[in-house]
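Protein chains in written order, with my numbering: chain U, 1 to 636; chain C, 1001 to 1507; chain A, 2001 to 2503; chain H, 3001 to 3101. Taking it in order: structure first as structure tokens, then the write-up.
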Amino acid sequence: MENLVYIALFAPFVGSLFAGLFFARSPKTHLVGVVNSSLIGIAFIAAVTLALHVAEHGAVHVTMMSWISAGDLSIPFGFLVDEVSVTMMLVVTLVSTIVHIYSTGYMNHDKAYNRFFAYLSAFVFSMMILVMSDNFAGLFIGWEGVGVCSWLLIGFWYHKEDKTFEENPSISPSWAANEAFIMNRVADLGMLVGIFLIYWNVGSLQYDVVFNALPHLADGLLVSIAIALFIGAMGKSAQFPLHTWLTDAMEGPTPVSALIHAATMVTAGVFLVIRANPLYSLEAVHGVSMFIASLGAFVAFYAASMALSARDIKRIVALSTLSQLGYMFAAAGLGAYWIALFHLAAHAFFKALLFLGAGNVMHAMDDELDIFKMGGMKKVMMGSYVYMGIASFALAGLPIMAGFYSKDAIIETAFNDGSFIIWAILVITAGMTAFYSFRQVFFTFHGEERYKALGFHPHDMYKYVLVAMAPLAILAISFGWFMDNFHEFITKNLPDYEMSHETHHLAPYLGGLVIVLALTGIFIAWKKYAGKGANAWKRDEEFEQSFIYKLVANQYYVPRFYDEFIVQPYTMASKKFWEIDKAVVDGFVDLIGKMSYKSGDVSRGMQTGSLSAYLNWMGVGALLLIVAAAITALIG
Amino acid sequence: MDYILSILIFFPAIAGILGFVVDKGSAKAYGVSVAAIELLLALGLWASFDTTNPGMQFTEFSPIISQFGISYNVGVDGISLFIVIMAALITLLGIILLRDDTKNMKNMIVSLLFLEMTMVGVFLSLDAIIFYMFWELSLVPMLYIIGAWGGPDRVYAAVKFFLYTFAGSLIMLVGLLAMAYLFHLESGIWSFNLLDWYTLKLTTNQQFWLFLAFFSGFAIKVPMFPFHTWLPWAHGQAPTIGSVILAAVLLKMGTYGFVRFSLPILPDASVTFTPFIMALSLIMVIYTAMVAFAQKDMKQVIAYSSVSHMGIIMIGVFAMNAEGLGGSIFLMLSHGIVSGALFMLVGVIYERTGTKIMDEFGGLAAVMPVYATVFGVMLMASVGLPLTIGFVGEFLVLLGFYKVSAIGTILAGTTIIIGSVYMLALFKKSFFGPVRHEKNLGLKDLDRRELTALLPLVAIVVWLGVYPKPILEPIDNSVKALLVQMENHAQLESTKEAIIVSKKEVK
Amino acid sequence: MFIDPKNITMDVLNLATLMPMLIAIGGGLVILTIDLIKENIHKSLYVMLTILILFVDLGATLGLNFGPNEKGFFDVMLIDGLAILSQVLILVASVLFIPLALTSKRFHEYSYPEFFALFLFMIAGFQFMVSSDNLILIFIGLETASLSLYTLIAMHNRHNSFEAAVKYFTMGALAAGFFTMGSAVLYGISGSLELYQIAPAIQSRMGEPGMMMFLLGGAGLLLTAFAFKLSLFPFHTWAPDVYEGASAPLAGYMSVVPKIAAFVVSMRIFEMFIDLQIEWVQTMIIILSVLTMTLANLMALVQEDVKRMLAYSSISHAGFVMVAIALATEKANIGIFLYYGLFMFTNLGAFAMLWVSRHKHRVHHARYDHPYEKFSGMVKIMPMGAIVMGLFMLSLAGVPPFSVFWGKVYLMSATIDAGYTWLAIIMGLNSAIAAYYYLKLVVYMFLKEPTEQVTKETTYYNVSKPLLTILGLAVFVTVGSIFYVDPLIEYITEMIRATNFGI
Amino acid sequence: MEIGISHYLILSGILFSIGFVGVLRRKNLLMLFFATEIMLNAVNIAFASIGNYYGDLSGQMFAFFIIAVAASEVAVGLGLLIILYKKYGSLDLDVISTMKG
């Protein structure tokens, strides 16, 4: 089994090196796409095999070699394949494989095709390290690794110029990439602090050692660790207030958005909380967990509200991702770790599908993102239409779809926990989710063919790409059916979450409420946006002037706030500091030099060249000595 | 192998003297060969180095001024070994990177070889006066390199560099002499031998003043805030090779001095001064990182970033535990490699375009992909990405310092944020976006000479990022020995508590 | 009483103690005689003759029995370790100096045999000065040497030289007045002119009312006189002008030999006061030396002429060493000689470099012979010359392992040992200031482009084999100091221990 | 009134001061030489009287030597003075100030 672990881990790495080292400078070749896709596929197969093995024989733990050892610290490259990580591995490799195949089509016209695959496979490798590592430091490697790959991939089209904020809220790919990286680093600091706290109080960073030691630690300490680690999770999973990078990250190629910014990387934060469930389920850190749940619920609503007004097809999806991450955190915070993980997986499938569908639309529309310019595209893009429809149904949480099971479970959990505010928010958000996802679907595929007037000639994606997307569609529909199997599998490792009897009893009504709300949302969207004819839909200019709309459309002015109150002051302060550095710090040094020089200039004035002056100097000196002698003698 | 250290020290100098005779045209080849042999010797030293022995090895001792206790006394331990190897490596690669049309190539090579002698000498000396000798001598070739091959303000920069460091080290000299006197009072003999000094127990008051004296010498060299202003000048004006060696090796002399002198000889004062050092270092880390962000000149960004990173190293030195101290020594190496490489890279683009102003570039990633890749790797190492060399040291330093001060560590930890701010801003301005000037469209990517110089560094960055053990282990051994030494010689109980050789209370 | 003729035997007279001086004086007379016999003999003969005489003198000096109480010639001569040591230094410096007369170009003074005769008389004067603790003899030695020196300066035969000689002479005359008055005061207190008798006499009368007034007054007068000789602030004003006016080698010589002699006498006199626990003297000397090194350094910063810069730097070095007198410890006394022994070669070397580049006409500057511009870009044209001069500058700046560094370290160490750490820090900082102006020359030589006037002809105008030999020797000694400092210290220590410091 | 040692010494002091002030105030080189001679002679008085007071001859000897030295000083000094006068045409101290700074 060890070999399988290494295959799953290193196959993507080999792919990355293959594309990066040998083909970085050569022109586009499909060989790279095929080889890399196959390698990720191999990793997927390895993951599946491992999953079966884990299900049967339990976790696999391998230690490759030691990495850092200094003082008492000893960090190995160790990998743990247990129920949790193997689930993540499956999700990651599966979605990656499909995204890789998809990319061979999507990136077909891009000059930097080979480079793209190098980055993408590197990302998969990092993500695998993240999920497979058996210690916090290893997790951090992956954590940072995915950060860098995300940076590279968001900024993939680095040649694009910076726009103003009004023109493009993301300014430019390279800007968005930097924003993502830096914002994540803010959170990483929290994570590092958590690691330090763990090390100095436990003496190890291995999961098993740490979790075994947790009960012996002081409450305050546990809270600090929990907070610190969660700060790390907030960055990667784009929780408020570190969320702005995620929508801007949509500057990257769409497969990247699908893989990194929807299915895998952004869920790393959730994974961390799930991974550290022995910590977060402790009584001492209950407050933190509740905070996580509340923040999750808040973000779910907050992101959904922004999605209501968004016009950019990718932003809508990104915001929905944000919103769903909120759901996951709500579940994890409430202690329903396995439900969170279940939603994570389900979400990965339908969200990746949604993104890839959106990618098809973009591809067809020559990278046009504004849904106001689309409409009625189902005729030309039937495949994508179906896929996006399925994904949206799943997202909206309609019955039999994957999202129905997972999201419903989360809402039920909130109810069961007695956190009715969270529950209410989540229920309302579910309705909003249905609305905005179908708003997008109807805008894009139904109604007037607005694109024609703009001179677009859309066509659907390559067939094989559409075929390759099929597994996602199937999973988006059917994943929920395996909820019980998953439950059985995963609760070997994660704590089970028992619904109370009452909740169980009320479950059909609760579920019904959600479905009703979702259907209402879809219906409103249908009414508003699906109509045909020139006057079927008109922009409500008046409403667009209202405060609420502006607030939402401007992302609650949070990016503005960051710009005005962090970026600009920082820039200003930097410039000021530089001036201070030159004028004061360096100036002081120079002043010493100048003063020495000046005093030299002054004192050379005594060298008048005139002998009588010299004699006077001597006389004065002698007199001073004599006077000093006299004074000293008189004083004693 | 008995005299390998002397050979290491004096081989470049002798080669430098002989270099006067070498024909102008083959001066570079001569320099490369000598530096390569020196590197091989250094690697040979590593090969025969007993990594399990934390003490001084290959020691040589011969009295010079026996009346006054000055002796030629050299030795190597895990702390100095790798800095020496790095010095040799950086010198070699720096020489390789020299353009063939460098004016006065012969003088350059000769100065570099002399500089190499002084660098190696500083790190191998176990006698305070010999240490001081190499310390001061290193200024002379550097003065010449900056002053003769530098930019328009080179003379100002070179003289500033020389005088500033010189002034600081003269006060350090007073400290060394006072130290010798105290040793004399105690033992009745004169000795400048460090190993002798290590046996001396000083009162806290004596330690206090001696620490300040040493501090003035080392802090200027590091350079610690607010004594850092010579560095941007020196870097701004120095030729590429000068900046590379300055950043990679010469700055390390300061931190090495703290490790070799301040900590073991003055354990109590070191602990007493930790808050002070921490405050200065934090200012270094944050303030200079912000200043770096404000720069327009690419080289100045890296110059200020050096200061910022040296702040992290300083914090690690004063962490008083094996993790932090070992980490800071590792960080010295990694910063040497990374900043050396970054300065080389700036030199490469400067040679092509004649400018270092970032706004002049833009879109270089498209024009010079290999260059951009190498730069990117170094950038990532610089911001401390795991699995690059930069992470290991930074992580260990912050980890170690957490024991001293949680708040301090969080503030110092902002380096991973603001460090990436200025580095990514640099990268974005220079490499991303559209190509801003027509003439930059035709820029050539790295040629073979440049790749020869840079790829080994890339390899090291990755190798030591993934597998730092071969280096970390000897460092760790020596660091632990040093901490034991500190603990044994501390006068105050509080000092003993602050020093953590090994965690006692693992739960 | 010594005037009783019956008691005098040759043994007591110990005429051998006079031998070194007699050799020098006799040699001077021989040179004059030769000139009487045959005129217009080439200077090389005189140079060689002088060197020979100096060597014989050196041999005679080294051959003397010495000890703390080795007296001679009516007990006015005192041949202790100090006397031997300083005479050796004086003679070695003189031997180094004299070959510098053999330049390729003809300079006025060296064509006169009187120059060499006067030179030998001057040496005899210095030798008397250092090998006596009798104030009369010290005075006579001092005046003999000074009067010869004034003349030697004037013989350079330029406007500036006369001006320099007159300035030096006039101030010297004033200083002589102070010295004699100081001696008179001491005589008045103690009734003796022998230092070894003065000390106990003072000690026994210390408690008397009003005594302190006279004591300090006398010390002040003597301090003035020697501060002048040692060019301590504010009595240094003559030094830059005299150095500028004198020929370069003579300036170099003046920055070493008269100072060594004056230091020896200062050691004898002032360390006696300090040993008598008269703290005032110590305080004053420290104040003077701090002022001297600092102000001289600051003034050196702003000089445009290298020779004048070196003059100020010599003043500063003297201030640096003067600290040792105030400390009055054995180590400090060793430090003085170590410092000057090492400084001598480097400084003479630097002045010799100036001499090599001395042009008949002022090519570069209206007033100065050696402006900085003269050395601009020298490394491009005359790399060896530049490197040699650069080495001298680094050595003077106190960069290890060059010679002056060891002296500095030793003196600073002595200062710390005596408990004056703050003073050591001032000394250190002064070295840092000093580094600037030494570096300025290095910068000119190595980092600037040559100007049109800087050519091999103008810069090596005066070069000759003897000059190069002396330069080579100076470089050798400067660079290789690390290898001989140990025996040097050992020798000096032995000599200092065989010295009578009065108490 | 009996003329005692203190009178001699006071005389000597006064003379010395006169000479000293002369050195400081006089601008003519020749006058300057005279002033220094006065100072030396003041010292001679002191030595002679102190020597007499102690009954010790060395004071007198010193005085003799001072006279001798003063004579040779004058010889050298006047020689310089003459050359200087030839070159500058003046003995004013302030004229002789080409070297400064």
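Glycine is no exception: its CB is placed at the ideal position from the N, C-alpha and C atoms. Bear in mind that the values here come from a model prediction, so they are computed numbers and not experimental data.
Contact with chain H by ARG2205(A), beta-carbon distance below 9 Å | no
Within 9 Å, strictly: CB atoms of ALA2261(A) and ALA2145(A) | yes
If you check the beta carbons only, do GLY1311(C) and LEU1325(C) fall under 9 Å apart?
-> Cβ distance not < 9 Å, so GLY1311(C) and LEU1325(C) don't count as in contact.
Of all the alpha helix (DSSP H) runs that stay within the bounds of the stretch 5-59 of chain U, which reach a length of 4 or more residues?
-> 30-57
What does THR1132(C) reach in chain A if we use C-beta pairs closer than 7 Å?
-> Reading the sequence as shown, one finds Tyr at residue 1132(C) and not Thr. The contacting residues are PRO2400.
How would you write the range of the beta strand (DSSP E) that SER1062(C) sits in, first residue to last?
-> Run containing SER1062(C): 1057-1065, per the beta strand (DSSP E) assignment.
Among THR2451(A), TYR2444(A) and ASP2057(A), which has the Cα closest to the Cα of ILE2025(A)?
-> ASP2057(A)
Pull up the distance between the alpha-carbon of PHE2392(A) and that of TYR2187(A), whole angstroms please.
-> Between PHE2392(A) and TYR2187(A), the alpha-carbon positions lie close to 45 Å from each other.
Uninterrupted alpha helix (DSSP H) stretches inside the stretch 2441-2493 of chain A (no shorter than 4 residues) | 2456-2459 and 2465-2479
Given a threshold of 16 other Cβ atoms within 10 Å of its Cβ, counted over all protein chains shown, does VAL516(U) qualify as buried or as exposed?
-> With fewer than 16 other Cβ atoms from the protein chains shown falling within 10 Å of its own Cβ, VAL516(U) counts as exposed.
Inter-residue Cα distance where the pair is ALA453(U) and PHE479(U) | Distance between the alpha carbons of ALA453(U) and PHE479(U) is about 41 Å.
Chain C contact residues for VAL32(U), given Cβ-Cβ distances below 8 Å = Under the 8 Å cutoff, chain C gives no residues; its nearest Cβ is about 16 Å from VAL32(U).
Please confirm if THR2493(A) has its CB atom under 9 Å from at least one CB of chain C.
-> yes
Please state if the CB of LEU4(U) and the CB of THR49(U) are separated by a distance shorter than 9 Å.
-> If you check the CB distance, THR49(U) and LEU4(U) come in under 9 Å.
Look at ALA430(U) and ALA293(U) and say whether their C-beta atoms are less than 9 Å apart.
-> no
Could you name the residues of the stretch 324-354 of chain U whose beta carbon sits closer than 8 Å to any beta carbon of chain C, in the order they occur along the chain?
-> none
Can you round the beta-carbon distance between LEU2137(A) and VAL2076(A) to whole angstroms, since I take them to be within the 8 Å contact cut?
-> 5 Å
Would you mind telling me which residues of chain A sit closer than 7 Å to ARG604(U), beta carbon to beta carbon, in chain order?
-> The answer, in chain order, is MET2299 and VAL2302.
Selection from SER1033(C), LEU1124(C) and GLN1207(C) that minimises the alpha carbon distance to LEU1112(C) | SER1033(C)
So the alpha helix (DSSP H) VAL1174(C) belongs to, where does it begin and stop?
-> 1154-1187
Inter-residue Cα distance where the pair is SER1006(C) and VAL1074(C) = 8 Å
With DSSP collapsed to three states, give me the class of TYR497(U).
-> coil
Would ILE2041(A) count as contacting chain E if we go by Cβ distances under 9 Å?
-> Reference to chain E is not applicable here, since the protein chains of this structure are U, C, A and H.
Cβ-Cβ separation, PRO1054(C) to ASP1077(C) (assumed contact under 8 Å), whole Å | 7 Å
If you draw a straight line from the C-alpha of VAL558(U) to the C-alpha of PRO241(U), how long is it?
-> 8 Å
Would you say ILE2425(A) reaches chain U, if we count a Cβ-Cβ gap shorter than 9 Å as a contact?
-> no
So with Cβ pairs under 9 Å, would you call ARG185(U) a contact of chain C?
-> yes
Backbone secondary structure at ILE1500(C) - three-state DSSP | Secondary structure of ILE1500(C) (DSSP, three-state): strand.
Put LYS2071(A) into one of helix, strand or coil per three-state DSSP.
-> LYS2071(A) falls in the strand class under three-state DSSP.
Which of helix, strand or coil does DSSP assign to ILE2416(A)?
-> helix
Exposed or buried, which one is PHE1276(C) when buried takes at least 16 other CB atoms within 10 Å?
-> exposed
Neighbour-count burial assignment, HIS1489(C), 16 or more Cβ in a 10 Å radius | Counting Cβ neighbours within 10 Å, HIS1489(C) comes out buried, since at least 16 surround it.
Residues of its chain near TRP1046(C), where Cβ-Cβ distance is below 7 Å and the 5 sequence neighbours each way are ignored = Within the same chain, and ignoring the five residues on either side of TRP1046(C) in sequence, the residues whose Cβ sits closer than 7 Å to its Cβ are LEU1081 and ILE1085.
MET2001(A) (DSSP reduced to helix, strand or coil) | Low local confidence applies: a pLDDT of 47 at MET2001(A) is under 50, so the model's placement there is unreliable, with the coordinate-based value given in what follows. Coil at MET2001(A), not helix or strand.
Residues from the stretch 171-182 of chain U in contact with chain C, defined by Cβ distance under 9 Å | SER172, PRO173, SER174, TRP175, ALA177, ASN178, PHE181 and ILE182
Out of MET1486(C), TYR1156(C) and LEU1043(C), which has the shortest C-alpha to C-alpha gap to SER1270(C)?
-> MET1486(C)
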